[in-house]
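For the sequence shown, this note's numbering begins at 256 and goes up steadily by one.
The C-beta atom is built at its ideal place from N, Cα and C for all residues, glycine as well.
Since this is a predicted model, take the numbers as computed values, not measurements.
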Amino acid sequence: MSAESIAAGIIKNAAFVPERAAAYGFVHKDGVYAYTTVISDGQFSLTIECGPDGFLRSEIKERDTDEPYTLPFVAGAAGGFVGAVRAEYERVLADIAEHCFQRRAFKERQTQRLLDYAKDKYGDCPEFLWDNSENAVLRRGDNKKWYAVFLTVRKDRLGEAGEGNAEIIDLRMEPEDLEKAVAGGRYLRGYHMNKKHWITVVLDGRVPTGEICGLLDNSYSLARK
């Protein structure tokens, strides 16, 4: 059981977020983010290193000798003490996964571009409110109102041709603007939302990303009310 295999089991379908990592205590140097803490009542130091693409490596050292302690990562290594150190390592890694990584549940490039846009402009990250769900929301920081909902739904539920799923975004829109937009054929009435105040866009490139960003800005503004 290597450190890499343990990390792969804990950090799944997630992207490393440098800003979160810096707030957590990671130090950036030469493209690598490193975090060091002590475990096992101060007997060992634990260093976790991550890069822009995620987990890189970890190392446990005895603080008295500065020698690496590798038994927790050796296949077949047993014993209560080794197991306790391994469990503490996993606990620290799980906490880092929760606070320094962002779940990556969506596959469409356009979806990710919109999430990046919201992060860059408003500082908002998707919230996955439903466990084991491929659905997320963006909400304003001031009043906590939703202004975007990202969903993965079956195409037939949208009246779309073909099998499989589609990724969509629900956005707020004024009723009079919504009626005009829906009449154009490229937008749908809000999926699982108020159909007079929310509009749905299928994120497959049929609507340019820049145009959707404009709709997202408008939705953000409407959520202020």
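Exercise for review: Mark V457 as exposed unless 16 or more other C-beta atoms lie within 10 angstroms of its C-beta, in which case mark it buried.
Suggested key: Per the 10 Å Cβ criterion, buried.
Check your understanding: Where does F328 fall in DSSP's three states?
Key -> In this structure, F328 counts as helix in the three-state DSSP scheme.
Review point. Thinking just about the alpha-carbon of each residue, which of G419, R479, E415 is nearest to the one in T455?
Key: If you compare the alpha carbons of G419, R479, E415 with that of T455, the shortest gap goes to E415.
Exercise for review: Identify the continuous beta strand (DSSP E) that holds F356 and give its terminal residues.
Suggested key: That run of the beta strand (DSSP E) goes 356 to 358.
Point to revise | Beta-carbon proximity list for D379, same chain, < 8 Å, skipping 5 on both sides | key: A373, L393, R394, R395, G396
Check your understanding: Using 8 Å as the Cβ pair cut-off and three pairs as the minimum, do the stretch 306 to 318 and the stretch 281 to 288 touch?
Key -> yes
Practice item. Thinking A478 and W401 are a contact (beta carbons under 8 Å), I'd like their distance in whole angstroms, please. Key: The beta carbons of A478 and W401 sit about 7 Å from each other, so the pair counts as a contact at 8 Å.
Review point. To which residues of the same chain is I265 closer than 7 Å at the C-beta, ignoring the five residues directly before and after it?
Key: E345, L348, A349, A352
Check your understanding: By a C-beta neighbour count over all protein chains shown, 10 Å radius and 16 as the cutoff for buried, is W385 buried or exposed?
Key -> W385 comes out exposed.
Check your understanding: Does the Cβ-Cβ distance between R358 and F383 come in under 8 Å?
Key -> yes
Review point. Excluding sequence positions up to five away, which residues of its chain have a Cβ less than 7 Å from the Cβ of R275?
Key: Same-chain partners within the cutoff: H354, C355.
Exercise for review: Just grab the DSSP bridge partners of L426 for me.
Suggested key: Answer by DSSP bridge pairing, in chain order: A403, I454.
Check your understanding: Taking the C-alpha atoms as reference points, what is the distance between D371 and H283?
Key -> 21 Å
Review point. In whole angstroms, what is the alpha-carbon distance linking I467 and N398?
Key: 23 Å
Check your understanding: What residues are listed by DSSP as bridge partners for F299?
Key -> I294, E317
Review point. Who are the Cβ neighbours of E363 in its own chain at under 6 Å, not counting the five residues just before and after it?
Key: Result list for E363: E422, L458, in chain order.
Practice item. Kindly examine the ligand ATP and report whether one of its heavy atoms sits closer than 7 Å to the Cβ of N390. Key: Ligands are entirely absent from the displayed structure, and the ligand ATP is therefore not among its contents.
Check your understanding: Cα separation between G440 and E429?
Key -> 17 Å
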